[in-house]
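Numbering (the working numbering), first residue to last: 88 to 186. Backbone N, C-alpha and C define an ideal beta-carbon position, used for all residues, glycine too. Quick notes on the structure that follows.
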């Protein structure tokens, strides 16, 4: 696996885990960018939006754009939580290690 692919899969898993930790299972793109930066994934909002689109296509999250598209909000689905916790796997998202 190429380094870039490894980083992308790891980042997507981190995004799902951050959503799983949130009280209402949702975060906006700004908060996600800050959270990812704290764990070594300093990426642009465009990268986060692309990840959100990928994860939504797989049914792992839903995406909303309230406030006249000035913010993008991702919300975890039940399937997304299964992937975040390692109960299910999907291509393009790293499988978590046992805790």
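- Item | Coarse secondary structure for residue 126, derived from DSSP in three states | Looking at residue 126 - three-state DSSP - the assignment turns out to be coil, as it is neither helix nor strand.
- What three-state label does DSSP hand residue 184 in the structure shown? The answer is coil: DSSP assigns residue 184 none of H, G, I, E or B.
- Query: Quick one: Cα of residue 125 to Cα of residue 115, how far?
  - Reply: 16 Å
- Task: Spell out whether any CB of chain C is found under 9 Å from the CB atom of residue 97.
- Result: Reference to chain C is not applicable here, since this structure consists of a single protein chain.
- Task: Tell me, to the nearest whole angstrom, how far the beta carbon of residue 99 is from that of residue 138; I am working on the premise that it is less than 8 Å.
- Result: For a cut-off of 8 Å, the C-beta gap from residue 99 to residue 138 is around 6 Å, short enough to register as a contact.
- Item | Extent of the continuous beta strand (DSSP E) to which residue 162 belongs | 160-163
- Query: Can you round the beta-carbon distance between residue 159 and residue 136 to whole angstroms, since I take them to be within the 8 Å contact cut?
  - Reply: 6 Å
- Which residues mark the beginning and the end of the alpha helix (DSSP H) in which residue 150 is found? Element bounds for residue 150: not the alpha helix (DSSP H) but the beta strand (DSSP E), 148-151.
- Query: To which residues of the same chain is residue 119 closer than 8 Å at the C-beta, ignoring the five residues directly before and after it?
  - Reply: 102, 105, 135, 161
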